[in-house]
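Notes for the one structure printed next.
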Amino acid sequence: MTRDEQRAIFVRSLFLQACFNGEGMQNLGFLLGLEPLLRRAYGDGPAYREAALRHLGFFNTQPYAAGLILGAVGALEERRAGLPEGDRPAAGERIGRLKAALGSSMAAMGDSFFWGALRPATAAWSLLVGLALWTARVPYALAWGGLAGLVVYNAPALWLRWAGPRIGYERGEGVVAWLAGLGWERRAARARRAGLAAAVPLALVSLAIPPLGGALAWGNALLLAAALGLVAAGVRGGAVYALACAAGTVLAWTVA
Amino acid sequence: MSGWFLYKLPALCAWIALLELDAAHAGQFLLSRPLLMGPIVGLLLGDWKAGVAPGALIELFWLQGLPAGAARTLNGTLAAAVAVFWSAGPLRVPPEAALPAALACGALFPRIQDRIRARRARLVARAREAIERGEDPDWDRLLLTGLGTHALAAGAFVYASAAAGGPLLLIAWSAAPFELQEGLRWGYRAAPWIGLAVLLHALGRRR
Numbered sequence: 001m002t003r004d005e006q007r008a009i010f011v012r013s014l015f016l017q018a019c020f021n022g023e024g025m026q027n028l029g030f031l032l033g034l035e036p037l038l039r040r041a042y043g044d045g046p047a048y049r050e051a052a053l054r055h056l057g058f059f060n061t062q063p064y065a066a067g068l069i070l071g072a073v074g075a076l077e078e079r080r081a082g083l084p085e086g087d088r089p090a091a092g093e094r095i096g097r098l099k100a101a102l103g104s105s106m107a108a109m110g111d112s113f114f115w116g117a118l119r120p121a122t123a124a125w126s127l128l129v130g131l132a133l134w135t136a137r138v139p140y141a142l143a144w145g146g147l148a149g150l151v152v153y154n155a156p157a158l159w160l161r162w163a164g165p166r167i168g169y170e171r172g173e174g175v176v177a178w179l180a181g182l183g184w185e186r187r188a189a190r191a192r193r194a195g196l197a198a199a200v201p202l203a204l205v206s207l208a209i210p211p212l213g214g215a216l217a218w219g220n221a222l223l224l225a226a227a228l229g230l231v232a233a234g235v236r237g238g239a240v241y242a243l244a245c246a247a248g249t250v251l252a253w254t255v256a
Numbered sequence: 257m258s259g260w261f262l263y264k265l266p267a268l269c270a271w272i273a274l275l276e277l278d279a280a281h282a283g284q285f286l287l288s289r290p291l292l293m294g295p296i297v298g299l300l301l302g303d304w305k306a307g308v309a310p311g312a313l314i315e316l317f318w319l320q321g322l323p324a325g326a327a328r329t330l331n332g333t334l335a336a337a338v339a340v341f342w343s344a345g346p347l348r349v350p351p352e353a354a355l356p357a358a359l360a361c362g363a364l365f366p367r368i369q370d371r372i373r374a375r376r377a378r379l380v381a382r383a384r385e386a387i388e389r390g391e392d393p394d395w396d397r398l399l400l401t402g403l404g405t406h407a408l409a410a411g412a413f414v415y416a417s418a419a420a421g422g423p424l425l426l427i428a429w430s431a432a433p434f435e436l437q438e439g440l441r442w443g444y445r446a447a448p449w450i451g452l453a454v455l456l457h458a459l460g461r462r463r
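Respectively, the protein sequence lines represent chains X and C. Read in the numbering used here, the first sequence has 46 at position 46, and its numbers run on one by one without any break. Read in the numbering used here, the second sequence has 418 at position 162, and its numbers run on one by one without any break.
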C-alpha cells in the first residue's frame with residue numbers, strides 16, 4: 001500500500017458514517033474508503049463495477065476499527081483480481097463473509113475498548129485534572145482538563161485509524177489473529193482501572209470540598225451511594241435523575 | 257432581542273450543528289461531547305463557565321449511551337447546547353428547569369434522525385445507479401447531502417428549542433406548583449452525585 005493510498009483511506013474513513021442509513025448502515029462510507037484499493041485491484045471496467053456493487057451491501061462496525069477491515073478487504077480483492085474468472089465468484093463470497101465477520105468482531109472490540117472503557121476513563125481524568133488545576137487557580141483550568149482528555153482519547157484512536165489500513169492490507173485474513181493478540185479485553189480492563197483511579201478521588205474530593213461537598217458531605221455520600229446502587233441495578237442515569245426529582249417533589253408536598 | 261433571534265441565534269445554531277456532526281457522522285474526535293460542547297456554547301454566549309455544569313452533568317448521564325451509528329440514545333450534544341442556551345442565554349431559565357427539559361429535547365432528536373437515515377437509502381441508490389452506468393458516484397455531492405441534511409436538521413432543532421422551547425419553558429416554570437419546583441431543585445442538587453455514580457459504575461464494571 002502506498003503512502004498516498006493510506007492517506008486517502010484514512011481521510012475517507014473519517015466519513016464512514018456520513019451517509020449512515022437504516023438499510024445498509026455504513027455501506028456507502030465503506031465503499032468510499034475502499035475505492036482506492038478497488039481501483040488498484042481492478043482498474044476501471046466491469047470487474048471494478050462488480051466489486052464496487054458487491055461492497056454496497058450491509059456493513060457496520062466500530063468506526064475507528066474500519067481501517068483494518070478496509071485494508072484487509074482491499075488486499076483480498078487484489079488477490080481475487082489475480083484469480084481466473086471461474087474462481088472469482090466463490091472468492092467474492094468468501095470476502096463478503098470475512099468482511100461481515102470482521103465487522104462484528106471489530107465492533108465488539110472497539111465498542112468495549114473505546115466507548116466502554118477509554119471514553120469514561122478520559123472523562124474522569126478530564127474532570128479530575130480540571131478540578132485540580134482550578135483549585136490551584138490555574139487560568140483556563142477546565143479547558144486544560146478537557147484538552148488533556150481529548151489528547152489521551154484521540155491518541156490510540158487516531159493511531160488505529162491511520163495505521164489500520166496498512167496493517168489490514170499487510171495481514172489480510174490474519175488481521176483477526178493479530179487483533180486477538182493485542183488483548184483488547186485486557187487493555188479495556190486496564191483503561192477502566194486507570195479511569196477508576198481518577199473517578200474515586202474525584203468522588204471523594206467532591207464530597208469533601210465546596211461547592212458540592214463540605215458540610216453536607218454525609219448527606220451527599222448517601223446520595224452517591226443510593227445513585228450507585230440504582231445504576232448498578234440497571235437503572236439509567238437519566239431515570240435516576242427523574243426519580244430524584246420525583247422524590248424531591250413528593251418530599252416538598254409532604255412537608256408543605 | 258429581535259437581533260438575537262434573527263442573527264445571533266441562527267449563527268450559533270449553525271456552529272453547533274457543524275460540531276454535532278463529530279458525534280457520529282464525521283470525525284468522532286469527541287469534540288462534540290457535552291463536556292466540551294457546554295463550555296463552547298457558553299463561550300459563544302459570552303460566559304464559558306456557565307456551560308461547564310450542564311455540559312459535565314449531561315456528559316456523565318450520557319456515558320451509558322453508545323455513540324455507535326445504529327444506537328438510538330439521547331443526543332447529549334444537542335441536549336447540552338440547548339441546556340446552556342436556556343440557562344446562559346437571554347432567557348436565563350433556572351438550571352434546575354433547563355436540565356430536565358434539555359434532556360427531553362436530546363431524547364426527542366433521535367426520532368428526527370431516524371427519518372433522515374431512512375431517506376439516505378436514496379443516496380445509496382444514486383451511487384448504485386452511477387456505478388451501473390459505468391460512472392463514478394459523485395462522492396462530494398453524496399457526502400454533502402448526507403452531512404448537510406443532518407446538520408440542517410440539528411441546527412433547526414436547536415433553533416426551535418432555543419427560540420420557542422425556551423419561552424415556553426419559562427412560562428411552564430413560573431406556572432408550576434411550588435412542590436414541583438422544589439422537586440426539580442432537589443433533583444438538580446442530586447444530579448452531580450448521580451453523574452458520579454454513572455461514571456463509577458461505567459469504570460467499575462467487569463466488562
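In this text, a Cβ means the ideal position worked out from N, Cα and C, and glycines have one as well.
In terms of Cβ geometry, X/A124 and X/A221 do not form a close pair [threshold 8 angstroms]. With its beta carbon less than 8 angstroms from one in chain X, C/G402 belongs to the interface. For the pair X/K99 and X/V73, the Cα-to-Cα distance works out to about 7 angstroms.
Per the Cβ contact rule, the stretch 143 to 152 of chain X is in contact with the stretch 288 to 295 of chain C (3 or more Cβ pairs under 8 angstroms). The alpha-carbon separation between C/I427 and C/S258 amounts to approximately 19 angstroms. In the DSSP assignment, X/N21 forms a beta bridge with X/M25. Listed in chain order, the non-local C-beta contacts of X/T122 below 7 angstroms within the same chain comprise G149, V152, Y153, local neighbours out to five positions each way being set aside.
Here X/G229 has no same chain residue with a Cβ atom under 7 angstroms from its own Cβ, once five neighbours each way along the sequence are excluded.
Residues of chain C with a Cβ closer than 7 angstroms to the Cβ of X/A52 are, in chain order, I387. Identification of chain C residues near X/P120 by a Cβ-Cβ cut-off of 7 angstroms yields L319, L455, A458, L459, ordered along the chain. Sequence-ordered contacts of the stretch 219 to 232 of chain X with chain C read N220, L223, L224, A227, L228, V231, A232 [C-beta pairs closer than 7 angstroms]. When 9 angstroms is used as the limit between beta carbons, C/A280 is near these residues of chain X: Q17, F20, P63, in chain order. According to the DSSP assignment, X/S13 belongs to the alpha helix (DSSP H) that extends over 3 to 13. Under a criterion of Cβ atoms nearer than 7 angstroms, no residue of chain X is adjacent to C/F365; the nearest Cβ is some 14 angstroms distant.
Looking from the CA of X/L28, the closest CA among C/P351, C/E276, C/F261, C/D394 belongs to C/D394. X/V240 has a beta carbon lying within less than 8 angstroms of a beta carbon in chain C. Residues of chain C with a Cβ closer than 7 angstroms to the Cβ of X/A203 are, in chain order, L452, L456. Under the 8 angstroms criterion on CB atoms, C/V338 is classed as non-interfacial with respect to chain X. Around the beta carbon of X/F30, 16 or more other beta carbons sit within 10 angstroms, so the residue counts as buried.
Under a criterion of Cβ atoms nearer than 8 angstroms, the residues of chain X adjacent to C/A447 are, in order, Y241, A244.
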